[in-house]
Amino acid sequence: MDHSNHTTLLQAGGHTPISDRMRDLLARAAQDHVYEQRTQGAVLDEIRQRLEGMEWLLREVRERELGGLSGTLETVSGRLDDITAKPPMWAEGLAQHVEAVRDHVDAVGEQVGSVDARVESVSRHVAPVGDLPGLWADLGTIGIGVEEALNRLQSVLDRGDGIVSRMGEFAGKLSQLNSSMEMAASRFTRLDKSLAELTARTDRIEGAVTGLSEGLDDKLAAVAEPLAAQVDVAAGRLAASEQHLSGRLAAVEEHVTGLLEDTGQQLTTHLDACEQRLSVRLDGVEGRLGATGERLAAVDGRLGRHDGRFDALTGLVTTLDGRVAAVDQHLSDTATRNEGRFNHVDNHLESLDERLNEIEEHVTTRFDGVDSAVAGRFNTVDAKLAAGFERVAGRFESVDSTVTARFEAVDTGLAARIASVDSTIAARLDMVDTKLAARLDTVDSDLAARIDTVANRLNRVDTNVAARLDTADTNLAAGIDAVTAQLDTVDARLTARLDSVDADLAARLDTVDTNVAARLDTVDTHLSTRIDSVDNNVAARFDTADGNLAARLNKVDTHLATRLDAVDTRLHARFDGVDVHLTDLAARAEQAGEQLETVDDRVEAVNQRVQRLPGTSDIGDRISQLLATEATAQVERLAVAAATLTEIVQTRPDRDELAQTVTGIVEPATTDLTKRLGALEETMLALAEALLRPTRKE
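Note that this note's numbering has the sequence shown beginning at 1, numbered continuously upward.
Given below as structure tokens:
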């Protein structure tokens, strides 16, 4: 064989073109690999940050907003249950006052019975006067009027029970609203699970925290202003009602006092003759009828007071309507914010798709060779990545502590504000109830004392009348004819007087009956109209909110499913392209191996010269050790990253689905990296063999 060119090939600088070319290839491959690793690390960093931000945001929405709304609805339902289970204070007070009115009516009946007994005693002494059936008819008419008034009061109580039943129906509708909100919460939970699968589609945590804190501040301000306005309006209404009741009670008290004084004067000035005695007795009956009319007026005043309470109930219904409107507005605002966030997520998905396209185009131009400086570059990259992870972890911890403190402060302020408003309203209502009860008790005690005084006066009058009647009996025997004529005159006057009293009493009772019926009908119609309008308004608003929420959730589910399918298809296509590219690289490596095997027969001429180079024979082993060390380091880094990611995932509520997603992402990457390292090892061994086998000419 001709080995004339071996000496030339083995001279100093004989391998310079091959060494320079390999060095350039290795340097370029190392630079591409380092750049790719940095790019992938940055992308994974950003994906992890956005995933954690989306997880935190969804958890806060589910725990803060939906939890607070459910708690408010449960509180309202509990208060309505308490209202339906226990009758209101005004109903109990009305029942007590009705019982007191019945007791007073019974006392008046007893006094009328005593008057009847005394009239009978007078009729026994004066026979013609005993034939006065019109007086009994008048008293029967008075009893019938009192019974009708009691029936009217019973109808008022029945209507109050109807109002309580309607409030129970309203509580049922609120429970339906609570169930609808629970369904919405379940849909939000499904949405949370769907969004958790999108590991690369989240907002940055600073923007989310800032937007959420501003939204909470606006909500607190919007809730505090209507509450303060409603409390002021309720306080004004209570003060006006208290002044009105005070004026009416004072007027009733003055009127009753005047009537009682007039009756006492009439009873003390007309006791000189029988005609005067009978006139005084008839005036006393007329005064009692007037007192009965005044009591009916007092009952009318109490009915007016209950009208005021019904107006207060109407105000409460209006307040509840406002709160329902506020809840509806809150749901609309939440839907609007979620729609904006979904649009923002779609924009981020599009940007991420563009970045993935750029990464794919950049990957297709890589993997031409590896350099001996790969180990040092990897160590530098690992140190930078560790420092970056530590900075990101510290930033997450600081942001988490800031957000937690902010929400705790907001929750504390909101709880204190609501507690102060509730305590203020409760204190004012208790104060008004106490004042009304004390005022009514005072009026009842004054009426009872004055009735007792009148009864004592009547007893004294009866004693005087009995004494004078005894005196008159001694004189009757002498002047029976004169007395008979006088009695005829008295009979005529008494008949006329009783007829006038009967007409006056009938007119007064008709007026009272008409006024009470008109007021009760007006109150019933007003309450029915308001409650029906509130029910229809609440039902329509919540049906609209439910329909809008369902439509938006369905739209979001459809959009997310479409986007996921598109992303899955793109990822499969890109991974298929990468596999094809790696297959081409493997084919090229095999071709290079075949070409290198064609020069195996040229090694025989340079065996002696190769033995003179003791360091050269260890190049293959050193390259193998370097690649094995680098592969081990990469496997260890992937194991550490997988362990850290596993710990983070296990703390999530949807960790099973996220673990499957992360496993689906990490395992192909690990397999791909292992294949690439194996291919690089084979390429380096082939290049080392090529260095040890210089070309020779036969």
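All C-beta atoms, glycine included, are put in the ideal place defined by N, C-alpha and C.
Length of the line joining the Cα atoms of residue i and residue j
{"i": "residue 155", "j": "residue 510", "result": "18 Å"}
{"i": "residue 675", "j": "residue 682", "result": "11 Å"}
{"i": "residue 179", "j": "residue 193", "result": "21 Å"}
{"i": "residue 671", "j": "residue 354", "result": "25 Å"}
{"i": "residue 525", "j": "residue 518", "result": "11 Å"}
{"i": "residue 39", "j": "residue 25", "result": "21 Å"}
{"i": "residue 107", "j": "residue 152", "result": "20 Å"}
{"i": "residue 46", "j": "residue 409", "result": "30 Å"}
{"i": "residue 333", "j": "residue 434", "result": "43 Å"}
{"i": "residue 507", "j": "residue 463", "result": "34 Å"}
{"i": "residue 144", "j": "residue 499", "result": "18 Å"}
{"i": "residue 452", "j": "residue 100", "result": "16 Å"}
{"i": "residue 522", "j": "residue 420", "result": "37 Å"}
{"i": "residue 33", "j": "residue 182", "result": "52 Å"}
{"i": "residue 103", "j": "residue 110", "result": "10 Å"}
{"i": "residue 169", "j": "residue 431", "result": "30 Å"}
{"i": "residue 449", "j": "residue 92", "result": "25 Å"}
{"i": "residue 37", "j": "residue 63", "result": "38 Å"}
{"i": "residue 423", "j": "residue 456", "result": "49 Å"}
{"i": "residue 496", "j": "residue 243", "result": "44 Å"}
{"i": "residue 43", "j": "residue 27", "result": "24 Å"}
{"i": "residue 148", "j": "residue 416", "result": "52 Å"}
{"i": "residue 515", "j": "residue 529", "result": "21 Å"}
{"i": "residue 412", "j": "residue 52", "result": "26 Å"}
{"i": "residue 405", "j": "residue 48", "result": "24 Å"}
Buried or exposed (CB count within 10 angstroms, at least 16 for buried), residue i
{"i": "residue 21", "result": "exposed"}
{"i": "residue 54", "result": "buried"}
{"i": "residue 50", "result": "buried"}
{"i": "residue 29", "result": "buried"}
{"i": "residue 59", "result": "exposed"}
{"i": "residue 23", "result": "exposed"}
{"i": "residue 460", "result": "exposed"}
{"i": "residue 190", "result": "exposed"}
{"i": "residue 19", "result": "exposed"}
Identity of the residue in the options nearest residue i by Cα
{"i": "residue 176", "options": "29, 60, 442 and 74", "result": "74"}
{"i": "residue 503", "options": "141, 92 and 434", "result": "141"}
{"i": "residue 254", "options": "29, 39 and 446", "result": "446"}
{"i": "residue 96", "options": "336, 441 and 449", "result": "441"}
{"i": "residue 172", "options": "78, 35, 420 and 496", "result": "78"}
{"i": "residue 56", "options": "186, 158, 401 and 329", "result": "401"}
Any non-hydrogen atom of the ligand ZN within 6 Å of residue i CB
{"i": "residue 26", "result": "No copy of the ligand ZN appears in this structure; indeed no ligand is present at all."}
Chain C within 7 Å of residue i, Cβ atoms only
{"i": "residue 460", "result": "Although the question refers to chain C, the structure presented lacks it and comprises just one protein chain."}
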